[in-house]
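Numbering (the numbering used here), first residue to last: 11 to 342. By construction, the Cβ of each residue, glycine as well, lies at the ideal position given by its N, Cα and C atoms. Quick caveat, the model's predicted, so the values are computed rather than measured. Notes follow the structure.
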């Protein structure tokens, strides 16, 4: 099969097309299926892996790619984790631990979901990584509840756009930050109630104005560093900060007095190393709460650009430029 592998850690040009033996069809009892990949999503962790900053978990493929869409061509379909009755020939999108940039990919059946009605391969491939991440962090860990508000740092990213779409679909008020007026306008067009240009505006002041001084209930933070104290300043009492990336640095100085006095929570998670049993929970909750909205056409991923698989390096260059709004997808 054709794969895109990392020749050596470094620039996007280190992604090269080559061939490897086809993966074996998983043995019965493994709970895995074999997918003929038709499209694969690009994500920030892929870029970090290419640079050598994101070690591959033990047992995972060294081929990048954390989400795929395609056709089931083999595997353990009789496993108890096949909660959605998937069968040979069905089209699925799947969250995987690696190996997505390839013609064939294995995936735990617990992490596979059927294509929403009418979805293209590219649209289906744009779902797993960001939808699993947003649902597990905003709604499961952050416990965003009815009547509460959300602030997303980096609203124009793939994660940010998905957070806007899901939170608005669930009836929440959503505020975001972005780095240009154009990206802010794009976020508002997608449904954000307020988009703040973090380069020209103070997001703490803007959030306080927008919430009559109350602050927001949940913050999805991909920046951290110096942002954390400022986020504390614009949290409502009992508010929660959920950290999912550290693009602004891994260290922060914060006022623990505020955390104590106002009962604040600072938490975080990474999805890739979590066990299949946890990702199964996310898949089942997505299927119950979000897939009906996708099936009905009330919710759809935003795809900024697609590239042929052999142009993965160009897709990574675009990801690193941060010029995109939404998802970048490879097609096979």
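Each residue's CA atom was taken as its position, placing residue 132 and residue 263 some 42 Å apart.
According to the DSSP assignment, residue 267 belongs to the alpha helix (DSSP H) that extends over 266-272. The closest CA to that of residue 46, considering only 188, 207, 109, 59, is found on 109. Residue 30: not part of any alpha helix (DSSP H); DSSP gives it neither H nor E. Under DSSP, residue 242 forms no beta bridge with any residue.
Beta-bridge pairing by DSSP links residue 163 to 187.
Taking all protein chains shown into account, residue 147 has 16 or more neighbouring C-beta atoms within 10 Å of its C-beta and is therefore buried. Contact check for residue 138 against residue 81 fails: the beta carbons are separated by 9 Å or more. Around the beta-carbon of residue 215, fewer than 16 other beta-carbon atoms lie within 10 Å, marking it exposed. Under DSSP, residue 252 forms a beta bridge with 230, 277. By the Cβ neighbour-count rule, residue 160 is buried, with 16 or more other Cβ atoms within 10 Å of its own.
Residue ranges of uninterrupted beta strand (DSSP E) with 3 or more members, entirely inside the stretch 70-105 and ordered along the chain, are 77-85, 101-105.
In this structure, residue 43 lies away from residue 105, with their beta-carbon atoms at least 9 Å apart. Following the DSSP letters along the chain, one finds residue 340 inside the beta strand (DSSP E) bounded by residues 337-341.
Contact between residue 142 and residue 289 holds: CB atoms are separated by about 7 Å, below the 8 Å threshold. In this structure, residue 249 places its C-beta atom within 9 Å of the C-beta atom of residue 228. Residue 16: member of the beta strand (DSSP E) spanning 12-16, first to last residue. With contacts defined as CB atoms closer than 9 Å, residue 120 and residue 316 fail to qualify as a contacting pair. A Cβ-Cβ separation of about 6 Å places residue 335 in contact with residue 193 under the 8 Å criterion.
Excluding residues up to 5 positions away in sequence, 170, 173, 186, 230 lie with their Cβ nearer than 6 Å to the Cβ of residue 162 in the same chain. With a threshold of 16 other beta carbon atoms within 10 Å, residue 11 falls short and is exposed.
Taking every protein chain shown into account, the CB of residue 311 has 16 or more other CB atoms within 10 angstroms, so this residue is buried.
Between residue 246 and residue 218 the beta-carbon gap is near 10 Å, outside 8 Å, which marks them as no contact. Remark: C-beta atoms of residue 23 and residue 323 approach each other more closely than 9 Å. Residues 82 of the same chain have their beta carbon placed closer than 6 Å to that of residue 100, with the five preceding and five following residues left out of the count. Within the same chain, and ignoring the five residues on either side of residue 259 in sequence, the residues whose Cβ sits closer than 8 Å to its Cβ are 234, 235, 236. Listed in chain order, the non-local C-beta contacts of residue 268 below 6 Å within the same chain comprise 242, local neighbours out to five positions each way being set aside.
The three-state reading of DSSP puts residue 22 in helix, counting H, G and I together. Just measuring C-alpha positions, the residue of 212, 84, 124 sitting nearest residue 102 is 124. In the three-state scheme derived from DSSP, where H, G and I count as helix and E and B as strand, residue 66 is classed as coil.
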